[in-house]
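Numbering (my numbering), first residue to last: 1382 to 2091.
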């Protein structure tokens, strides 16, 4: 299937996922937003200068600052007429600066209020560290699947590499030291010999220049791709790193070299940075360094404890980065957890982990922070779960934990961008719930989350939202609540009404942010005569997300759906496809799932796997939005991934032109986490998760439903 069309950039942002729970004012009526700035002891800060900068919807270049505002004696400020997508840079003498990105639409949902922002005071002995996850710039950055845009070109490699990381430069540059996991070897061309493994990476030296330019100071090499091209690849990597401004550790030409720390003085404080890979590798010449060959530092329990104690005996604050656990899982393995906690017990100030490619929870253990997986930072994976990630700020006072801050990010077209609206909700909801399971509580600060040293659960007053009758729709968004709020009760007057909770598995399902930050969302397969993103400024739709829809021009048939297979899924789970349709002529919609079998090659699955019919739906040709729902169960056995598609087949009359315009909005794939229930308190989650963003009913509610949160 091919994708060919032109698309129109949307001009406004919306926060909702399926239908709006409350009627919002038209965006043109919103002329200002308000906020407040406090210190991390919750005292107002007067005189904070806040630069308000619009973010271009069609370019990574920022617009000129529209204006600056200053907080009053109570720490309050007002911003008049911000752009639809904008960024705040907060600066005050004696405090670390802070940057927050928002869409105007998500603030409209919050009554025009920016959540209170807390700044961290600068003090003697205090340092601010920043961490990102897995980094590479090879493979599909040069040769993407399908006809997706190429990110890196040989003739403009350095400029292109900087564009990939440009949105993160303001955030990384704030820290005293910023670090990422360099999960690739560095070379100008493909090395001749490679390790006996199915996936190997190398990236051009321009990656190192781009990281330095963006504010990265240190990279860890302790991972399973540091020895992909054996000794020659490692030699090349170490050579280019030595020519760069980046510090590094976690690999070497012998095990002794690999276990050495990178030592640096930060704000007068002596720091040691250690990196490890969690397993030796199965080949005859493994990925971990030995006395006879190079590679990554092996992070056995003994090696971690002994090297941490070595640095502690040298009176240095020690930061451990560890590469382990299993890919795409919600929780760390027991081996990873034990090794990281043993590192803390041995004296490490902080432990940061990666490898799963998805974000996992955080834990305050003995008042020292452990991040179990940072997820991806710059990576070319296409499936949705790997695209939701974060930057982690950590403030240490002479090596002791003071505070942490989570900056949610979204990898859009392989490029890290600020997560706004729904993407922010998904990242923060996941991290908040997974961390709470470890008795670690994330509070809000502006568009970010914070973990404070007192680690107290935030006490919130219970509040309620009333869901009115919504016509034919059986699904409602929970994302109109704050990511830190939990659904505690569902009150239904109809005794026959039942509900269940679930999550949407498609990023960008509302089409509102398709082309933000000069990077098209690679979620969608669109095969039609032509298509465009239709922005209707005049619409105030009460049952749809915002004002942007996908308009297809169809002749004989068209296809719409997930471009890529969803790599990780829960087998035999109840699923729902929901979308909104608007057409003036009748058509048939055929919904399918298509799977990739356990040992099947990827492109063989794209081309040859059977499309299994879920449901056929005949839609009338009356102008106006219709809600279409198709239920099915995910494959039980034999598949490693699947995707969903819809085939559009027009029903033409003899007098009609053989061409049809059909609009789609809110194309969502819901995985249900609980069975239908009439219990007033949510329970019975199948997978031990409570990251629900959707509530679904067994029928359209005809009477008001009250949702309780705290």
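Here a beta-carbon is modelled for each residue, glycine too, at the ideal position from N, C-alpha and C.
Only counting the same chain, and skipping five residues up and downstream in sequence, which positions put a Cβ closer than 6 angstroms to that of residue i?
i	result
residue 1639	1632, 1633, 1670 and 1678
residue 1551	1480
residue 1810	1864 and 2072
residue 2084	1874 and 1875
residue 1807	1769
residue 1915	1930 and 1932
residue 1959	1856, 2010 and 2049
residue 2022	1946, 1947, 1948 and 1977
residue 1644	1653
residue 2044	1930, 1932 and 1963
Looking only at its own chain, which residues have a Cβ that is under 7 angstroms from the Cβ of residue i, when we skip the five neighbours before and after it?
i	result
residue 1709	1737, 1738, 1739, 1766, 1948 and 1949
residue 1559	1511, 1553, 1596, 1597 and 1598
Run the CB neighbour count on residue i, radius 10 Å, all protein chains shown included, and call it buried at 16 or more, exposed below.
i	result
residue 1713	buried
residue 1796	buried
residue 1931	buried
residue 1624	exposed
residue 1912	buried
residue 1905	buried
residue 1515	buried
residue 1729	buried
residue 1652	buried
residue 1980	exposed
residue 1829	buried
residue 2110	As displayed, the chain neither begins before 1382 nor continues past 2091, which places residue 2110 out of reach and without an answer.
residue 1618	buried
residue 1424	exposed
residue 1534	exposed
residue 1842	exposed
residue 1646	exposed
Determine which residues share a DSSP beta bridge with residue i and list them.
i	result
residue 1826	1829
residue 1502	1476
residue 2064	According to DSSP, which records beta bridges pairwise, residue 2064 is partnered with nothing at all.
residue 1835	DSSP lists no partner for residue 1835.
residue 1942	1906 and 2026
residue 1507	1778
residue 1628	1599
residue 1657	1703
residue 1515	1562 and 1757
residue 1669	1677
residue 2039	The partner list for residue 2039 (beta bridge, DSSP) is empty, contrary to what the question assumes.
residue 1937	Paired residues: none, contrary to the question.
residue 1585	The partner list for residue 1585 (beta bridge, DSSP) is empty, contrary to what the question assumes.
residue 2090	1844 and 1868
residue 1873	2086
residue 1956	2013 and 2052
Could you tell me the alpha carbon to alpha carbon distance between residue i and residue j, rounded to whole angstroms?
i	j	result
residue 2052	residue 2042	30 angstroms
residue 1455	residue 1827	17 angstroms
residue 1346	residue 1416	Nothing about residue 1346 can be read from this structure; the chain reaches only from 1382 to 2091.
residue 1441	residue 1901	For residue 1441, the pLDDT reaches just 44, beneath the cut-off of 50, and the residue's location in the model is therefore unreliable, leaving the point undetermined.
residue 1594	residue 1543	8 angstroms
residue 1991	residue 1975	6 angstroms
residue 1802	residue 1890	12 angstroms
residue 1972	residue 1849	29 angstroms
residue 1870	residue 1845	9 angstroms
residue 1465	residue 1478	23 angstroms
residue 1600	residue 1840	38 angstroms
residue 2081	residue 2057	14 angstroms
residue 1722	residue 1938	57 angstroms
residue 1951	residue 1776	37 angstroms
residue 1921	residue 1867	Here the model assigns residue 1921 a pLDDT of 41, short of 50, so the residue's position is not dependable and the matter cannot be decided.
residue 1942	residue 1504	52 angstroms
residue 1508	residue 1562	20 angstroms
Please check the pair residue i and residue j, which I expect to be a contact at CB under 8 angstroms, by giving their CB distance rounded to whole angstroms.
i	j	result
residue 1705	residue 1752	Residue 1705 to residue 1752, Cβ: 13 angstroms. No contact.
residue 1615	residue 1675	5 angstroms
residue 1953	residue 1999	At roughly 29 angstroms, the Cβ-Cβ gap does not stay under 8 angstroms, so residue 1953 and residue 1999 are not in contact.
residue 1603	residue 1531	With 8 angstroms as the limit, residue 1603 and residue 1531 do not qualify as a contact, their Cβ atoms being about 31 angstroms apart.
residue 1451	residue 1428	6 angstroms
residue 1785	residue 1831	7 angstroms
residue 1686	residue 1655	That pair is no contact at about 11 angstroms.
residue 1518	residue 1759	6 angstroms
Within 8 angstroms of any Cβ in chain D, is that where the Cβ of residue i sits?
i	result
residue 1819	Protein chain content of the structure displayed is limited to a single chain, and chain D is not contained in it.
Enumerate in chain order the residues of its own chain whose CB-to-CB distance from residue i is below 8 angstroms, with the five nearest sequence positions on each side excluded.
i	result
residue 2007	1853, 1961, 1962, 1963, 2000 and 2001
residue 1994	1971, 1972 and 1973
residue 1661	1667, 1668, 1669 and 1679
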